[in-house]
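Comments concern the structure below.
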Amino acid sequence: MPEAVIVATARSPIGRAGKGVLKDARPDELAQQMVSAALAKVPALDPREIDDLILGVGQPAGEAGNNLGRAVAVLSGVDHLPGVTVNRYCSSSLQTTRMAMHAIRAGEGHAFISAGVETVSRYGHGFADNPEGQNLAFADAQAVTEERAGGGAEPWVDPRTTGALPDLYIAMGQTAENVAQVLGMSRAEQDEFAVRSQHLACERIDDGFWAREISPVTLPDGTVVTADDGPRRGTTIEAVGDLKPVFRPDGTVTAGNACPLNDGAAALVVMSDVRARELGVMPLARIVSTAVTGLSPEIMGLGPVEAIPAALKSAGMSLTDVDQFEINEAFAVQSLGSAQQLGIPLEKLNVNGGAIAVGHPFGMTGARITSTLLNSLQWHDQQIGVESMCVGGGMGMAMVVERLS
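According to the numbering used here, the sequence shown holds residues 32 to 436 in order.
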């Protein structure tokens, strides 16, 4: 059975939605630039030999509607290339990599583009489900006001024990508050983790880490963007501690310990090890295993707690075999909480900062974290990495990779 290997990655800078550097970038054009950037790193691969372009989008509507994957293929100048659009919310472009891996292992192709994009800034440009552009299913701590949050800190009760229907697409900030209650995690713990994320991300800017993985984006006016908007220098515990809770008046989730809303795109070239050898292409990493799991939607933030062990079991590995874990920081409580539940030491977790600082464009995140994880394994000369995230609707997803170069 052929192995699936990652031979190239490209990810855009990440902009803040509505006011950042990518606010005027269309999702199709942004994704196309990253697909082209990834392919440029594999000159031995004839684009006509690519079997499919699989694109993840968290909210496939409006400008990101129809079959955006096929539109990106055509914009990339490869008319013959089929394209498909996949939605598994925050893990959409990890799902696309999983699909490429499955196709390769099944012998149904040798070369695939796995990509993801989200341009939250453009939701108001034809966002089918909500013309005003407000997206409460994925609303972060900066997008929901105290007045709309409602409710106090009622103890969370699993609806399966009461016969009630689950609140499938409760605002994500409410799920984070539920997780904080279930785990008994304090506001101080969340704030400390958030400040850590900001400090680490800024340190990696200074030492050139992020520049290694970012591919420049050319905007419609010709401006070239090369850096993330998000990391905030000089963030202090005191400043974060002064922010008010957003989702519940007596809650713990704030704009400081949650990710912002963002724009961005990323792409991977995934090939069979057979074709890589034939072309003389040295893979960056082997995809060892993946897993997706489900849990109660109201505590979706704990999705990695089951997804990571499932992926490791499939790989024949344990937690101690892993050199680095990248658990998406949708909220400090869910990333840190998942790691604590699994016994992952902090020195192996998000060692370059995470989405609280860098950002979380939903459809992009899976591919972005893959790019960061491989970059980090190279940077630290380590071998085994695990990527994971919680997923809206009550899911977790994870992937195990082995660095090869």
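The beta carbon of each residue, even a glycine, is placed where N, CA and C say it ideally should be. Just so you know, these numbers come straight off a predicted model, no measurement behind them.
Sort Ala346, Thr150, His230 by Cα distance to Arg264 and report the nearest one. Minimum Cα distance to Arg264 is reached at His230.
May I ask you to list the residues that DSSP assigns as paired with Met130? None, per the DSSP bridge assignment.
Since I believe Asp294 is in contact with Lys54 (beta carbons under 8 Å), could you give me their beta-carbon distance rounded to a whole number of angstroms? Yes, Lys54 and Asp294 are in contact; Cβ-Cβ is about 7 Å, under 8 Å.
Using a Cβ-Cβ cutoff of less than 6 Å, which residues in the same chain neighbour Ser152 once the five nearest sequence positions on both sides are dropped? So the list reads Ala48, Gly49, Lys54, Asp294, once near-sequence residues are dropped.
DSSP beta-bridge partners of Met430: Bridge partners of Met430: Thr321, Glu418.
Let me know if Val323 comes out buried or exposed under the rule of 16 or more other beta-carbons within 10 Å of its beta-carbon. So Val323 ends up on the buried side.
Should Pro335 be labelled buried (16 or more other beta-carbon atoms within 10 Å of its own) or exposed? Pro335 should be labelled buried.
Stretch pair the stretch 368-375 + the stretch 385-401: three plus CB contacts closer than 8 Å: The stretch 368-375 makes no contact with the stretch 385-401, as fewer than three CB pairs between them are under 8 Å.
Would you kindly check if the distance between the Cβ of Ala134 and the Cβ of Ser145 is under 7 Å? It is not a contact, given that the beta carbons lie outside the stated cut-off.
For the alpha helix (DSSP H) containing Phe224, name the first residue and the last one. Per DSSP, the unbroken alpha helix (DSSP H) holding Phe224 starts and ends at 218-237.
Compare the beta carbon distance of Ala232 and Val382 with 7 Å and say whether it is the shorter of the two. No.
Suppose you measure from the CA of Ser369 to the CA of Asp252; what does that come to, to the nearest Å? CA-CA distance, Ser369 to Asp252, rounds to 42 Å.
Quick one: give me the first and last residue of the beta strand (DSSP E) that Met302 is part of. The continuous beta strand (DSSP E) containing Met302 extends over residues 293-303.
Would you check if the distance between the CB atom of Gln221 and the CB atom of Ala363 is smaller than 7 Å? Cβ atoms of Gln221 and Ala363: closer than 7 Å.
Could you give the DSSP three-state label for Arg279: helix, strand or coil? In this structure, Arg279 counts as coil in the three-state DSSP scheme.
Does DSSP put Leu53 in a helix, a strand or coil? It is coil, neither helix nor strand.
Among Thr40, Ala35, Pro44, Val36, nearest to Val256 - alpha-carbon criterion: Per the Cα distances, Pro44.
Proximity winner among Leu380, Ala296, Asp83, Glu337, relative to Gly46 (alpha-carbon distances): If we check each option's Cα against that of Gly46, Ala296 comes out closest.
How big is the Cα-Cα spacing for Asp82 and Ala298? Computed Cα separation, rounded: 15 Å.
Would you list the one or two residues that DSSP bridges to Leu377? In the DSSP output, where bridge partners are listed per residue, Leu377 has none listed.
Can you have a look at Glu269 and say buried or exposed, based on whether 16 or more other CB atoms are within 10 angstroms of its CB? Taking all protein chains in view, the Cβ of Glu269 is surrounded by fewer than 16 other Cβ atoms within 10 Å, so the residue is classified as exposed.
Return the first residue and the last residue of the alpha helix (DSSP H) that Gly87 is part of. Run containing Gly87: none in the alpha helix (DSSP H); it sits in the beta strand (DSSP E), 83-88.
On the criterion of 16 or more Cβ atoms from any shown chain inside 10 Å, does Asn97 qualify as buried, or is it exposed? Per the 10 Å Cβ criterion, exposed.
Look up Gly423 in the DSSP assignment and say whether it is helix, strand or coil. It is coil, neither helix nor strand.
Other residues of its chain near Gly419: CB distance less than 6 Å, five sequence neighbours each side excluded: Reading the sequence as shown, one finds Ser at residue 419 and not Gly. Within the same chain, Pro335, Ala338, Ile339, Ile358, Ala429 come within 6 Å of Ser419 by CB-CB distance, once the 5 residues on both sides are set aside.
Which whole-angstrom value is the C-beta distance of Leu435 and Ala316, which I expect to be below 8 Å? That pair is a contact at about 6 Å.
Using the three-state DSSP reduction, which class does Gly204 fall into: helix, strand or coil? Helix, per DSSP.
With 16 as the cutoff for other CB atoms within 10 Å, does Arg179 come out buried or exposed? With a pLDDT of only 36 at Arg179, under the threshold of 50, the placement of this residue in the model should not be trusted; the figure read from the coordinates follows. Answer is exposed; the Cβ neighbour count stays below 16.
How should Glu139 be labelled, buried or exposed, when 16 other C-beta atoms within 10 angstroms of its C-beta is the threshold for buried? With fewer than 16 Cβ atoms within 10 Å of its Cβ, Glu139 is classed as exposed.
Given a threshold of 16 other Cβ atoms within 10 Å of its Cβ, counted over all protein chains shown, does Leu99 qualify as buried or as exposed? Result: buried.
Selection from Leu61, Pro74, Val117, Ala56 that minimises the alpha carbon distance to Leu84: Shortest Cα-Cα distance from Leu84 to any of Leu61, Pro74, Val117, Ala56 involves Val117.
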